[in-house]
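Undergrad: Take the sequence shown: its letters are residues 1 to 501, numbered as in my numbering. Every residue gets a Cβ at the ideal spot worked out from N, C-alpha and C, and that includes glycine. What you are looking at is a predicted structure, and each value in this text was computed from that prediction instead of being measured. Okay, handing you the structure first.
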Amino acid sequence: MFQTTLSSLLRKRRQPELTCAQPQKEMKFGEVTVYLVERRMGKSRRNFLTSLARSKGFCVDNNLSSNVTHIVAEDNPAHELWPWLQEQGIENLSKMNVLDITWFTQSMRAGRPLPVETEHWIQKPSVQPEPEAVPPDSPWFTVSQYACKRRTTLHNHNKILTDALEVLAENYEFIESIGPCLGFRRAASVLKSLPVPLRNISDIERLPCLGPETKAVIQDIFECGSSSKVEEVLTDERYRTLKIFTSVFGVGPKTAEKWYRKGLRRLEQITFDTSIHLNRMQVAGFQHYKDISKPVSKAEAEAVGRIIKEIASSFNGDVTITLTGGFRRGKEFGHDVDFLLTVPGHGKEDGLLPAVIDQLRSQGILLYSDFQESTFDLSKLPSCRFEAMDHFQKCFLIVKLKNEQVDGQQAEQTCGRDWKAVRVDLVAPPAERYAFALLGWSGSTQFERDLRRFARLERNMMLDNHALFDKTTNTFLQAKTEEDIFTHLGLDYIEPWQRNA
Ligand code: DCT
Ligand code: MG
Numbered sequence: 001m002f003q004t005t006l007s008s009l010l011r012k013r014r015q016p017e018l019t020c021a022q023p024q025k026e027m028k029f030g031e032v033t034v035y036l037v038e039r040r041m042g043k044s045r046r047n048f049l050t051s052l053a054r055s056k057g058f059c060v061d062n063n064l065s066s067n068v069t070h071i072v073a074e075d076n077p078a079h080e081l082w083p084w085l086q087e088q089g090i091e092n093l094s095k096m097n098v099l100d101i102t103w104f105t106q107s108m109r110a111g112r113p114l115p116v117e118t119e120h121w122i123q124k125p126s127v128q129p130e131p132e133a134v135p136p137d138s139p140w141f142t143v144s145q146y147a148c149k150r151r152t153t154l155h156n157h158n159k160i161l162t163d164a165l166e167v168l169a170e171n172y173e174f175i176e177s178i179g180p181c182l183g184f185r186r187a188a189s190v191l192k193s194l195p196v197p198l199r200n201i202s203d204i205e206r207l208p209c210l211g212p213e214t215k216a217v218i219q220d221i222f223e224c225g226s227s228s229k230v231e232e233v234l235t236d237e238r239y240r241t242l243k244i245f246t247s248v249f250g251v252g253p254k255t256a257e258k259w260y261r262k263g264l265r266r267l268e269q270i271t272f273d274t275s276i277h278l279n280r281m282q283v284a285g286f287q288h289y290k291d292i293s294k295p296v297s298k299a300e301a302e303a304v305g306r307i308i309k310e311i312a313s314s315f316n317g318d319v320t321i322t323l324t325g326g327f328r329r330g331k332e333f334g335h336d337v338d339f340l341l342t343v344p345g346h347g348k349e350d351g352l353l354p355a356v357i358d359q360l361r362s363q364g365i366l367l368y369s370d371f372q373e374s375t376f377d378l379s380k381l382p383s384c385r386f387e388a389m390d391h392f393q394k395c396f397l398i399v400k401l402k403n404e405q406v407d408g409q410q411a412e413q414t415c416g417r418d419w420k421a422v423r424v425d426l427v428a429p430p431a432e433r434y435a436f437a438l439l440g441w442s443g444s445t446q447f448e449r450d451l452r453r454f455a456r457l458e459r460n461m462m463l464d465n466h467a468l469f470d471k472t473t474n475t476f477l478q479a480k481t482e483e484d485i486f487t488h489l490g491l492d493y494i495e496p497w498q499r500n501a
């Protein structure tokens, strides 16, 4: 209860009556000195947060002096914050924790400075900001055929084109025509990485992965404002029906196609058709369709993270929870929430996920679970099949998230309930596989596909979510961090927020 009140308070951006922060009084935590970055946070909110922290005995320095141990910023992307910090000319910046506001709000809630975890970091971009907006005809403008050699942020300058190509890709996916599907996905991915919008057809000549069909679509859009081929698909009954059916958790293109061929067109028809046998996943998918077909917000994802963290920590206090998938790439919304759970020490993750599931169940917030025991076996590596799921212990869940647990959300009821069903994936790799699992689960799918393709074709190596194998020397290459893996592959490090390929 207290948590909700405090977090909703923290969310309120304006505190106009407060023009300057309370002076420092009693200091309870001498080892921590906080500095709040005013940029993007605003003066009044900064004053408010400063007063709040000081009232709880935190030392807050108004200046970015060398005494500062914890720099806290809100809504500051790493590529903006870091250059600004570096301009401030502080000597020991490298020793300071540069943290997202979540560390601060969690610490306020706890009433003490919490240990810093990787999820709190605002990591220094290894290569500074977004690429300069270089016109496509510039000689500097070279685009790699591999997504892992491109930096693709969420800022898509060619959304009209990429949306059109992805409709065609999806249509081919529905008829399981993998080649053309991947061709359109690859083309869309190239366009997503461009720092400028394409303006005419001659711009695309020097871009890789754009086949004649793609070029025809782009040309149509340039000339007529839309592509007749795409319009045709969008109005096609089969495409529209398969799109609806596959939006149900547990329903893939094959099942959707089967239902379509039976003459079924709407979701209600499926639930009323007694000749259709739904598996457990699909039953849950229909049951919670209204909720899980809605996007999950970042605040909801973080709320789920707190629940999982608390439960997992009671299993093992050293557990680390890392938000992966689209949210790690900076997305504000996702279709689910993906977490990696790791425990230091060989085999210490054994039994972790079953324990988490049991606890969710006994708290009455588990709506669905599908647990898969680890089948990880180093001797069977590496695998050539990218599409195959990895072998780590994992579970696919639907959990009940109470409105009051979500920062900035009203505790009141909507549609007669005060909760929402949310899809959650948990993976618990062995600690020594962490870097590979993190890289694999951070996506995007297209980025992962190209990392593996690049490893295979350009380096004679095999990469998957478990390991990197060098076929030339017949050795496994060890990695503690994602950076290590990029280094082994001879690639510049690409930040998660630049992997939205
Ligand atoms: N992934 C993987 N192996 C696959 C498919 C995907 O390792 N066979 C990775 C890529 C992304 C990550 O797992 C999480 O998958 P999703 O949740 O489906 O993707 P997302 O990028 O998180 O998308 P969304 O934001 O919609 O959840
Ligand atoms: Mg996801």
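Quick check on DSSP: helix, strand or coil for LEU489?
TA: Residue state, collapsed to three classes: coil.
Undergrad: I need the boundaries of the beta strand (DSSP E) containing TYR368, first residue and last residue.
TA: First-last of the beta strand (DSSP E) with TYR368: 366 to 372.
Undergrad: How far does the beta strand (DSSP E) with TRP419 in it reach, from first residue to last?
TA: Counting along the chain, the beta strand (DSSP E) containing TRP419 begins and ends at 419 to 428.
Undergrad: Alpha carbon to alpha carbon, how far is CYS181 from ASN171?
TA: Using only the alpha carbons, I get a separation of about 8 Å.
Undergrad: Can PRO253 and GLU166 be called in contact, C-beta distance under 8 Å?
TA: No, these two residues do not count as a Cβ contact at 8 Å.
Undergrad: What number of angstroms, rounded off, separates the C-alpha of VAL60 from the C-alpha of ASN67?
TA: Those two C-alpha atoms are separated by around 10 Å.
Undergrad: Pull the bridge partners of GLN393 from the DSSP assignment, please.
TA: In DSSP, GLN393 forms a bridge with ALA428.
Undergrad: Below 8 Å between beta carbons: does that hold for PHE104 and LEU49?
TA: Yes, they are a contact pair.
Undergrad: Ignoring anything shorter than 3 residues, give me the beta strand (DSSP E) runs that lie fully in the segment 243 to 327, in order along the chain.
TA: List check, beta strand (DSSP E) in window: 320 to 323.
Undergrad: By Cβ distance, which residues of its chain are closer than 8 Å to VAL337, with the 5 residues on each side in sequence left out?
TA: Excluding sequence neighbours, VAL337 sits near VAL296, GLU300, ALA301, VAL304, GLY305, LEU323, GLY325, PHE327, VAL422, ARG423, VAL424, ASP425.
Undergrad: Cα separation between LEU242 and GLN269?
TA: Distance between the alpha carbons of LEU242 and GLN269 is about 14 Å.
Undergrad: Could you tell me whether any non-hydrogen atom of the ligand DCT is closer than 7 Å to the CB of GLY440?
TA: Checking every heavy atom of the ligand DCT against the Cβ of GLY440, one is found closer than 7 Å.
Undergrad: What alpha helix (DSSP H) runs, 4 residues minimum, are completely inside the segment 151 to 234?
TA: If we require 4 residues or more, the alpha helix (DSSP H) runs fully inside the segment 151 to 234 come out as 159 to 174, 178 to 192, 212 to 224.
Undergrad: Considering only residues of the same chain and omitting the five flanking positions on each side of LYS400, which have a CB-CB separation below 7 Å?
TA: For LYS400, where only same-chain residues beyond five positions count, the Cβ hits under 7 Å are ILE365, LEU367, TRP419, ALA421.
Undergrad: Using alpha carbons as the reference points, say which of TYR146, MET108, GLN123, VAL72 lies closest to ARG449.
TA: Residue TYR146 is the option with its Cα nearest to ARG449.
Undergrad: Candidates PRO77, ALA256, THR152: which alpha carbon is nearest GLN123's?
TA: When only C-alpha atoms are compared, the closest one is PRO77.
Undergrad: Counting only runs that start and end within the segment 75 to 105, where is the alpha helix (DSSP H) found for 4 or more residues in a row?
TA: As far as the segment 75 to 105 is concerned, its whole alpha helix (DSSP H) runs of at least 4 residues are 78 to 87.
Undergrad: How big is the Cα-Cα spacing for GLY263 and THR473?
TA: Using only the alpha carbons, I get a separation of about 56 Å.
Undergrad: Can you give the Cα-Cα distance for ARG27 and SER51, rounded to whole angstroms?
TA: One detail in the question is off: residue 27 reads as Met in this sequence, not Arg. Straight-line Cα distance between these residues: approximately 13 Å.
Undergrad: Is GLU38 near the ligand DCT, judged by its Cβ being under 7 Å from some heavy atom?
TA: Checking the Cβ of GLU38 against the ligand DCT gives no.
Undergrad: By DSSP's criteria, ILE357 is part of a beta bridge. Which residues make up the other side?
TA: Note: ILE357 sits in no beta bridge, so no partner.
Undergrad: Is ASP407 near the ligand DCT, going by C-beta to nearest heavy atom under 7 Å?
TA: Checking every heavy atom of the ligand DCT against the Cβ of ASP407, none is found closer than 7 Å.
Undergrad: In angstroms with no decimal places, state the Cα-to-Cα distance between TYR503 and LEU278.
TA: Only positions 1 to 501 of the chain appear in this structure, which leaves residue 503 out of reach.
Undergrad: Out of curiosity, what's the CA-to-CA distance linking ARG452 and LEU463?
TA: Straight-line Cα distance between these residues: approximately 5 Å.
Undergrad: Answer yes or no: the CB of GLY325 versus the heavy atoms of the ligand MG, is any distance below 7 Å?
TA: Yes, the Cβ of GLY325 comes within 7 Å of a heavy atom of the ligand MG.
Undergrad: Alpha carbon to alpha carbon, how far is VAL72 from GLU31? Give it in angstroms, no decimals.
TA: Their backbone Cα atoms lie some 16 Å apart in a straight line.
Undergrad: Pick helix, strand or coil for VAL134, following the three-state DSSP scheme.
TA: With a pLDDT of 46 at VAL134, under the threshold of 50, the modelled position of that residue is not reliable, and the figure given next carries that caveat. Of the three classes helix, strand and coil, the one that applies to VAL134 here is coil, per DSSP.
Undergrad: Leaving aside the five residues before and after ASN92 along the sequence, list all residues of the same chain whose C-beta is less than 6 Å from its C-beta, in chain order.
TA: SER66.
Undergrad: Would you mind working out which of LYS294, SER444, ASN158 sits nearest ASP203, comparing C-alpha positions?
TA: Among LYS294, SER444, ASN158, the Cα nearest to that of ASP203 belongs to ASN158.
Undergrad: Go ahead and pull the three-state DSSP assignment for HIS120.
TA: Note: HIS120 maps to helix in three-state DSSP.
Undergrad: Is TYR260 near ARG238, with beta carbons less than 8 Å apart?
TA: The answer is yes: Cβ separation under 8 Å.
Undergrad: Is there contact here, the segment 477 to 497 with the segment 212 to 230, by at least three beta-carbon pairs under 8 Å?
TA: With a cut-off of 8 Å, the segment 212 to 230 and the segment 477 to 497 do not count as touching, because too few Cβ pairs lie within range.
Undergrad: How many angstroms separate the CA atom of ASN47 from the CA atom of ILE398?
TA: Cα to Cα, the separation comes out at about 40 Å.
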